[in-house]
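Student:
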Amino acid sequence: MDMNTLQKDPYNIIITGVGGQGNVTASRMLAGMLVGRGYSVTIGETFGASQRGGSVMSHMRISSHGAWSPQIPKGKVDLVVSLEPSETIKVLSGYGNPETQSLSNDRPIYPVRVIAGDDKYPSMDEIRATIENLTARSFMISATEEALKLGNPIYQNVIMIGAVGGMDLLPVSIDDFREVIGRGMPEDKAAVNVKAYEIGEALVRN
Amino acid sequence: MSNLLDTNEGAHYLYMGNDAIVRGALEGGVSVAAGYPGTPSSEIIEQLARISDRRSLYVEWATNEKIATEIAAAASFAGLRSICTMKQNGVHVASDFLLHLTGTGVRGGMVVVVCEDPGALSSQNEADARYFAKMLEVPLLEPGDFQEAKDMMKWALELSEELKTFVIFRSVTRMSHASGNVVIGELPENEPRAYFQYKGPLLDFLTGPMVTGPGVVAYARTVQQGRLKRAVSLFEQSRFNIYAGPERPELLIITSSACYLYSKEAIHTLNLGDRVGLLKLGTTWPLPEGLVRKHLAAAQKVLVVEEPQDFMEENIKILAADAAGEVGVKTFYGKKSGHVPTSGELNPDIIMNTLKGILGIQYEPVPQEYATKAFQSMFKSPGRELTFCPGCPHRASFLSLHNALALDNRDGFVCGDVGCYGIGVLPAGFSTVKTNFSMGSGLGLATGFGKLTKFGMNQPVVAVCGDSTFFHAVMPALVDAVHHQSDVTLVVLDNSGTAMTGFQPHPGLAVDAMGETAPSIDIEAVCRAIGADVASSDPFDVERTEKTLLGMLKKKGAKVVILRQICALSPEKRGKKKYQMSVREDVCIGENCGCNRMCTRILRCPGIYWDTARKVSRIDEVICAGCGVCASVCPSGAIQKAEVA
Amino acid sequence: MDEKKHLGQKELNERVKHARLCTGCGACVNLCPYQRAYEDKVLAIFPCDLDVGRCYAFCPRTPVDLEALRGLLFDPQDLTPEVGAVKGFYVTRSRNTKERSRAQHGGTVTALMSLALKEGIIDTAVMADRGGTFLPEAVTENDSRKVAMHGKSSFVVSPNVAEFNRLAKGSSEKIGAVATPCQALAYAKMRMKPIPERDNNIDKLKLVVGLFCGWALSWERLMDLLAAKTELAAITGLDIPPSRYQAMHIYTTNGTIEVPIDEVNRCIRGACHYCFDMTAEFSDISVGSARLSEGWEEARGWNQVIVRTDLGLELVELARKKRRLEFREVPEGNLQRLKAASLNKKGMALKNLKLRTHSQDDLIYLNKEDPAFKNLIKGG
Ligand SMILES: Cc1cc2nc3c(=O)[nH]c(=O)nc-3n(C[C@H](O)[C@H](O)[C@H](O)COP(=O)(O)OP(=O)(O)OC[C@H]3O[C@@H](n4cnc5c(N)ncnc54)[C@H](O)[C@@H]3O)c2cc1C
Ligand code: SF4
Ligand code: SF4
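Residue numbers (my numbering), protein chains in the order written: chain A, 594 to 799; chain B, 11 to 655; chain C, 4 to 383.
(1) C/G383 to B/K444, Cα distance in whole Å?
(2) Using a cut-off of 8 angstroms between C-beta atoms, extract the partners of A/N726 located in chain B.
(3) Given a threshold of 16 other Cβ atoms within 10 Å of its Cβ, counted over all protein chains shown, does B/H493 qualify as buried or as exposed?
(4) Along the chain, where does the alpha helix (DSSP H) that runs through B/P358 open and close?
(5) What span of residues does the beta strand (DSSP E) with B/Y253 cover, start to end?
(6) Where are the beta strand (DSSP E) runs, 3 residues long or more, that stay fully inside the stretch 183-255 of chain C, in chain order?
(7) For C/Q3 and C/E329, what's the separation of their Cα atoms in angstroms?
(8) Give the DSSP-derived three-state secondary structure of C/E2 in the structure shown.
(9) Going by C-alpha distance, which of B/V302, B/R594, B/R394 is nearest B/Q247?
(10) Select from B/V570, B/E171, B/D497 the residue whose C-alpha is nearest the C-alpha of B/I533.
(11) Following the continuous beta strand (DSSP E) through C/A128, name the residue where it begins and the one where it ends.
(12) For B/E653 and B/L579, I'd like the C-alpha separation in whole angstroms.
(13) Just tell me which of B/I264, B/T175, B/S12 has its CA closest to the CA of B/Q235.
(14) Please state whether DSSP places A/M622 in a helix, a strand or coil.
(15) In terms of residues, what are the limits of the alpha helix (DSSP H) holding B/A414?
(16) Check whether the Cβ atoms of C/L46 and B/A416 lie closer than 8 angstroms to each other.
(17) For a test of the three-state rule: what should DSSP assign to A/D800, helix, strand or coil?
(18) What I want to know is whether the C-beta of C/F330 ends up closer than 7 angstroms to one or more non-hydrogen atoms of ligand 1.
(19) Would you mind telling me which residues of chain B sit closer than 7 angstroms to A/K742, beta carbon to beta carbon, in chain order?
(20) Counting C-beta neighbours from all protein chains within 10 Å, is the total for B/Y208 16 or more, i.e. buried, or is it exposed?
(21) Within 10 angstroms of the Cβ of A/H658, are there 16 or more other Cβ atoms? Answer buried if so, exposed if not.
(22) Would you list the one or two residues that DSSP bridges to A/I792?
(23) Who pairs with B/E70 in a beta bridge, going by DSSP?
(24) Quick check on C/V150 - is its C-beta less than 8 angstroms from some C-beta in chain F?
(25) Would you mind telling me which residues of chain A sit closer than 7 angstroms to B/S391, beta carbon to beta carbon, in chain order?
(26) Which residue's Cα is closest to the Cα of B/T364: B/L453, B/P298, B/A330, B/I263?
(27) Quick one: list the residues of chain B neighbouring C/F49, beta-carbon separation under 7 angstroms, in chain order.
(28) Can you round the beta-carbon distance between B/A456 and B/V484 to whole angstroms, since I take them to be within the 8 angstroms contact cut?
(29) Would B/W620 count as contacting chain A if we go by Cβ distances under 8 angstroms?
(30) For B/F716, tell me which candidate among B/Q469, B/V69, B/G636, B/N446 has the shortest Cα-Cα distance.
(31) Within a Cβ cutoff of 6 angstroms, which residues of the same chain sit near B/E553, ignoring the five residues on either side of it in sequence?
(32) Which of the three DSSP states is assigned to B/H102 in this structure?
(33) Quick one: is B/N468 near chain C, going by C-beta distance under 8 angstroms?
(34) Should A/N690 be flagged as near chain B, meaning a C-beta pair shorter than 8 angstroms?
(35) Within its chain, find whatever has a CB closer than 6 angstroms to the CB of B/S403; leave out the 5 residues flanking it on each side and keep chain order.
(36) Given a limit of 8 angstroms on CB to CB distance, which residues of the stretch 395-418 of chain B reach chain C?
Now the structure itself:
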């Protein structure tokens, strides 16, 4: 991967998930890595009400020249990173195009209407097939499961970011992550995060 | 982690819009900041509070927006620079004071920062606060990107001090809560002294008393209008008003704020750079008339892109009418013409559509075949209705409220208020909330309903409010309810913080915004002192809470029930489970008569789900917050809780 | 009528609760989290969408095959069309004066329940306490010496069956219940095990002592009535002497207040107008007030007792043997008079049901072919 150029300018990423999953943190980490490399990053985020169990999205624009709209136009996303499998579909159906790639965590979070039995959650096979149908390349990884192995589900975000790094789409490396995570975090804690990043990277490289 | 105080001028950082505003305020030498939490404004005060000790700032979460502006004005009167922050509807609360403040003007720079929420992503209204600028006769500034948010904030403080009027600085969700690169400037070394000079003559607002009153209003307004005139001449030169595009564009777009970024994106995506001109205004009231006239003269078609209302469009049209001789007759596009939606949030796609319509161009973002596929796939992903967080005390509180009202059996209902508990309208809150308006209006309405017994109304009325809302606007309503002997029950959902907006402290807590110990105001004692009949309960004790509520519903007069339990997202609680929950599969009767999935069908906590294959409920370890409420509603004792050491 | 035998909560609430036929017995309560009892009402606080529910199956106001219940519980030769099974008919009272002073009439119910507990026939008794505001509360008693504390009648329904439902899930093994006729019918329906795989542990129910019942009162209306007559705090008891007295007696610390029966009638719980049972026909023993030639002052200290089952007979004989009950000769014609009163209630119920449905054939929850009703229908 060429560490000095973007595949496209702006390169558009949507990080999605369900309120409370920490997609804001994920987008901050990834953006921090890119800003460290000298890129301009614009992020548009959902806060407030939809953080209460609703679908949330962070729109991220990576560019060599200045600010872009914090909302990506329809059909213009290059990479979808989803902390929840079915949310991938939601984003792809609005913002995807035939070249879009995606990375999803395979741990479902059931909407309350599904929990209550008023609505159905699609099977994992159906989700996978739908995503494949809408992307040029897609990955589904067990970020939550891997995070639990590390002792805390919160590492799922870092694992996802590691996997983004592993997809070789962006001019970032694990060193950029070390740099970002190292700021204001004790060494031992940073080490677990770096471990999580490596796990994520490995999950898509294999 | 915060780099808001870094001194390496020229470095660039990724700042959220609100951070950029904070940095701008710091660079502008702010000393005092006050605000009331409200999305998307809250982070400004939060960040300033966090660094208050290192910059010798005074920062407070005021009890409401009006008080916040008064705190800021006092600082300004004493010669300091100050800001106050709020969301759009906060201006309506503060407006009475602001109206009077134009009667004297200010001394130290004072900026009213309003963060609006077009599209009402996290609001119950999409008020356009820009009209206040025109009504109050004060300058209005709107940044168009993140760098500008910082630079303009600094300038706003200087401008206010120079003109001697407060200035409204308006941001929107997609600015405040978006992030972008910002090059930082110099942090001033200032240690201002505060002193209120009042010894000068009356009506000398620089050295005399700061008073408004009958007899001097006309004079004061003339003074204020003079300030506005000076503002226009400064705005003509402002670097925040920029134009990009051909000298004689086929279409001129005039825009501001986040709409600038949307418009820019639309022009870029449609490749219209050589046909369409983009005039971005940063000073939107009073308009830089000369500049606008000049650009109007260069184009025949004019499109105004703004949200949520047509504030600029109207003012530009007035200007164009006045200058018709000079600029000629224009064709205007915008909200009036139907080319721009008149409600809801805008985005690049909407502007592209507008441009397609006006210029008659073709554009499809993706091939038709893909679009069809995408459309069909959309429905495969289930919708997500809002719900209370796992472990949220409101779920338990509303369950008890629902049960109490159902048992009471007189068609009782809940008047909601502004906060997470607005979700009480939905099944997540057992659909108990039947009215929901502005801050504090829950109890106000309930008090009104409670007086209708005279007309045969026998329905018990409950109002709910959060602890922060209680201080903001509920107290006066409670006074009214007690004094007028309204039959009403106020339920204070005391979760120890302003949860919706991210745990800002309020007067009920023993800590202030800057983290210092502060005397806490005991809600229970306040209610008693006002004369209400008061009871309290832990909402997680579902049985006791229901009983307490039922008892209160029966009583006459104004009653208060305080349901106290810390918010599940609070820093103290987050990630810490009180109980390890589990479901005993052999005991769960699930879909059978005797249960029929009480926990998943009715309680609907995201932490517990129905295993369709095994036909039992299960705890989702990752999501469950360990509050134990589901165990108390399980009729068969299948849900077990083990205390976490 | 539906083709399906059992339905669920939706139909229960449509056809019983909203049709104002609910007796407030509590049979549908404490089976699940959705049906709850509060004051003298039973409410569905959340909807349940099951199409077969115990709530519907146990309710004494959903369609019932009384013949099947009789077949299950009684000796065929004991059955009478007027008052159900009669194995014996007595006039009794407790021999314990203290017990009597705390009882409604002769304290027979108290004595029998106390004895049953003492002898281990049951380990838990379900009864009703009047409560401070005439709103009865279902109570559980395990101590034979304390049974008398729950004496006296509450003329407002008590959701006693709900208390049984709660107990049946717990550690009690032998439960005895004092029951009004509607409650006794609910227990009988449970004993049929209509939903075999979820039988509500009904086998734990060992004894049902029924109370005669003309009707019960609506709590709110009773409170209004009492409040209009006297200080609530001064009331020590209520009674309704046999119908020829045409009055309700309010016993107070300042003497007895007589309330004309018309005023009382206005307080009757609506559902009671559709009840066919005066003598709690589906119990082991039924107990009511006595009629004696000496007049009400004497009679109010005695009970009339119908023994209906072998268990009932055993218990009454044990009470005789253990000198817990005192017996006196049954005045001539008493059973006939009771039968006449009972028939009168049946007749009224059938008439009211027909008025409700505007049909000779549709008796809502009753079967017009039932031997107890056949003659009455023809007659009226
Ligand atoms: C609503 C009602 C109406 C009645 N109507 C008549 C009538 O018309 N004719 C007649 O002869 N007798 C009637 N009785 C029965 C009568 O009042 C006495 O209960 C009966 O004679 C037994 O007297 P006792 O002295 O043995 O009762 P006690 O020894 O005092 O025992 C009474 C028992 O009944 C229980 N109990 C009290 N109230 C209720 C209730 N609401 N539901 C269930 N259990 C309760 C008590 O806990 C106690 O165990 C009625 C009773 C009730 C509750
Ligand atoms: S009569 Fe009894 S079982 Fe039927 S609805 Fe009423 S309380 Fe429930
Ligand atoms: S008893 Fe059974 S059917 Fe009836 S409401 Fe409860 S769970 Fe539903």
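Beta carbons are placed, not taken as given, at the ideal position from N, Cα and C, and that holds for glycine. Keep in mind that this is a model prediction, so the values were computed, not measured.
Tutor: On the basis of the coordinates in this document:
(1) Bear in mind that a pLDDT of 46 at C/G383, under 50, signals an unreliable position, so the number given afterwards is only what the model happens to contain. Each residue's Cα considered, the two are about 50 angstroms apart.
(2) Correct list: K383, S387.
(3) Exposed, by the Cβ-count rule.
(4) Per DSSP, the continuous alpha helix (DSSP H) segment holding B/P358 begins and ends at 358-369.
(5) Per DSSP, B/Y253 belongs to the beta strand (DSSP E) from 252-254.
(6) When DSSP assignments are scanned along the stretch 183-255 of chain C, the uninterrupted stretches of beta strand (DSSP E) that are 3 or more residues long and fall wholly within it turn out to be 208-214, 238-242, 250-255.
(7) Outside the shown range of chain C, which is 4 to 383, sits residue 3 of chain C, and nothing can be said about it.
(8) Any question about residue 2 of chain C goes unanswered here, given that chain C covers just 4 to 383.
(9) Per the C-alpha coordinates, the member of B/V302, B/R594, B/R394 positioned closest to B/Q247 is B/V302.
(10) Closest by alpha carbon: B/V570.
(11) That run of the beta strand (DSSP E) goes 127-132.
(12) B/L579 has its alpha-carbon roughly 20 angstroms from the corresponding atom of B/E653.
(13) Considering only alpha carbons, the answer is B/T175.
(14) In the displayed model, A/M622 falls within a helix according to three-state DSSP.
(15) For B/A414, the uninterrupted alpha helix (DSSP H) segment begins and ends at 403-418.
(16) Yes. Within cutoff.
(17) Examination of residue 800 of chain A is not possible in this model, given that chain A is present from 594 through 799 alone.
(18) C/F330: no, Cβ never under 7 angstroms from ligand 1.
(19) Here the premise fails: no neighbours, minimum Cβ distance about 13 angstroms.
(20) It counts as exposed.
(21) Counting Cβ neighbours within 10 Å, A/H658 comes out exposed, since fewer than 16 surround it.
(22) Paired residues: none, contrary to the question.
(23) Beta-bridge annotation (DSSP): B/E70 is paired with B/A44.
(24) The question asks about chain F, but that chain is absent: this structure's protein chains are A, B and C.
(25) Within 7 angstroms Cβ-Cβ: S679, E680, I682, K683.
(26) Nearest C-alpha to B/T364: B/I263.
(27) In chain order: I612.
(28) The beta-carbon separation of B/A456 and B/V484, rounded to 10 angstroms, does not stay under the 8 angstroms limit for a contact.
(29) B/W620 counts as touching chain A.
(30) Absent from the structure is residue 716 of chain B, since the part of chain B shown begins at 11 and ends at 655.
(31) Closer than 6 angstroms at the Cβ level, and outside the excluded window around B/E553, lies no residue.
(32) Helix at B/H102.
(33) Judged by the 8 angstroms Cβ criterion, B/N468 is not in contact with chain C.
(34) Interface criterion met: the Cβ of A/N690 is under 8 angstroms from a Cβ in chain B.
(35) Residue 403 of chain B is actually Pro in this sequence, not Ser. Cβ neighbours of B/P403 beyond the five flanking positions: N505, P549, Q575.
(36) So the list reads H412, N413, A416, L417, D418, given in the order they occur along the chain.
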